[in-house]
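Asks: Attaching a single structure in structure tokens format; questions to follow.
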Amino acid sequence: MWIEYIPCAHTEMQCMKSLNLLQACNTYMYGDEIPAPERTDVSVGDYAFVMYDEGEALYQYERPVDWQDPEWILKQSFEHNEVPPLNFEQARLYREHNGSTLAVVTQYATDISSGGDSRSSSDSDEDGPSDGQSRNGYWTEISGTCIPETGAYHQQKDNMVAVVNHFIEQHNLLDHIELPYTPTWARTNCSINEVAEHPDGREMNGAEELVSGDYLFTAMNKKDKHDRIKNLANRTDVEMTLRGKWQE
256 MWIEYIPCAH
266 TEMQCMKSLN
276 LLQACNTYMY
286 GDEIPAPERT
296 DVSVGDYAFV
306 MYDEGEALYQ
316 YERPVDWQDP
326 EWILKQSFEH
336 NEVPPLNFEQ
346 ARLYREHNGS
356 TLAVVTQYAT
366 DISSGGDSRS
376 SSDSDEDGPS
386 DGQSRNGYWT
396 EISGTCIPET
406 GAYHQQKDNM
416 VAVVNHFIEQ
426 HNLLDHIELP
436 YTPTWARTNC
446 SINEVAEHPD
456 GREMNGAEEL
466 VSGDYLFTAM
476 NKKDKHDRIK
486 NLANRTDVEM
496 TLRGKWQE
């Protein structure tokens, strides 16, 4: 069996196209066993949505107990016609082949939500300052300054990058940390490095370039992003509140 990585635009439609392709093939039969995701170069809390011949399954990469290594935990299985609309954040698509036939399609994502969870664009956040424009997305308030000033980011990582750039430019973040910078509670993945790698030489998935030319690690779930941003805010001693969809 071999695995093919297919870059995707992280949409429900592309996920359904992959499913249609899978169902159209003479696929490898797994019997009653639900195939588990193959990849382990992911962050704790990441999700994997597996589409195989007899159904579909949602997994999450978790530690069964605090002192054990993380593993893929089955959260829910579906019949092909029972899957709800799903939104994937920072998704990666992999296809596993058995010889010349397609066996499994797996969508890896840092965050996943129901397609019905998002609010309409006319809704605004009640817990933040009003600027006359919709803030249906991700935004941050730092010592009275809103990032972005109006509206909101649709992607978590875009708000994360903008906030860290603000820390660098307005609060001299890089004077308060040494690179590579890794929070004391993180195991191996650093938050910021001069190159798009982690300290052990692994590629930094989801690396985003900052205004300083350094790289920010963003390939993680919403909670981990929240914790990393808070950690950097503490290093610069500023008051910060993540608003909008960060609080959902």
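Numbering (my numbering), first residue to last: 256 to 503. The beta-carbon is built from N, C-alpha and C at its ideal position, and this holds for glycine as well.
1) Please report the straight-line C-alpha distance between E291 and L465, rounded to a whole angstrom.
2) Within 8 Å of any Cβ in chain B, is that where the Cβ of F304 sits?
3) Does DSSP put E337 in a helix, in a strand, or in coil?
4) Could you please give me the residues that DSSP links to L497 through a beta bridge?
5) Can you list, in chain order, the residues of its chain with a C-beta nearer than 6 Å to that of S446? Leave out the 5 residues immediately preceding and following it.
6) Taking DSSP as the reference, what is the three-state secondary structure of P320?
7) Return the CA-CA distance between S332 and V338, expressed in angstroms with no decimal places.
8) For T405, verify whether its CB is less than 7 Å away from any heavy atom of the ligand GDP.
9) When you compare each of K478, Y314, E309, G461 to I328 by their alpha carbons, which one comes out closest?
10) Please name the residue in W501, K485, R350, T491 whose C-alpha comes closest to that of W440.
11) Is Q411 helix, strand or coil when you go by DSSP?
12) Between the beta-carbon of G461 and the beta-carbon of A474, is there less than 8 Å?
13) Which residues in the same chain have their Cβ closer than 7 Å to the Cβ of E424, if we skip the five residues on either side of it in sequence?
14) Determine the DSSP secondary structure at N460, reduced to helix, strand or coil.
Replies: For this structure:
1) Counting from one through the sequence shown, the residue named residue 291 turns up at place 36. Counting from one through the sequence shown, the residue named residue 465 turns up at place 210. The sequence shown places Ala at residue 291, rather than the Glu named in the question. One Cα belongs to A291, the other to L465, and the distance between them is close to 36 Å.
2) The structure shown contains no chain B, having only a single protein chain.
3) Counting from one through the sequence shown, the residue named residue 337 turns up at place 82. Here E337 sits in helix by DSSP.
4) Reading the sequence shown from its first residue, position 242 is the one you call residue 497. Beta-bridge pairing by DSSP links L497 to T395.
5) Counted from its first residue, the sequence shown places residue 446 at position 191. Excluding sequence neighbours, S446 sits near Y436, F472, R483.
6) Reading the sequence shown from its first residue, position 65 is the one you call residue 320. It is Val, not Pro, that sits at residue 320 in the sequence shown. Coil, per DSSP.
7) In the sequence shown, counting from the first residue as 1, residue 332 sits at position 77. In the sequence shown, counting from the first residue as 1, residue 338 sits at position 83. Distance between the alpha carbons of S332 and V338 is about 9 Å.
8) Within the structure as shown, the ligand GDP is missing, as the structure has no ligands at all.
9) As a first step, residue 328 must be located in the sequence shown, where it is residue number 73. Residue Y314 is the option with its Cα nearest to I328.
10) Along the sequence shown, read from residue 1 onward, the residue named residue 440 stands at position 185. The shortest Cα separation from W440 among W501, K485, R350, T491 belongs to K485.
11) By one-based count along the sequence shown, residue 411 stands at place 156. Note: Q411 maps to helix in three-state DSSP.
12) The count along the sequence shown starts at 1 and reaches residue 461 at position 206. The count along the sequence shown starts at 1 and reaches residue 474 at position 219. Yes, Cβ-Cβ distance for G461 and A474 is below 8 Å.
13) As a position in the sequence shown, residue 424 is number 169, starting the count at 1. Hits under 7 Å: V466.
14) What you label residue 460 is simply residue 205 of the sequence shown in a count that begins at 1. Look at N460 here: in three-state DSSP terms it is coil, with no helix or strand label.
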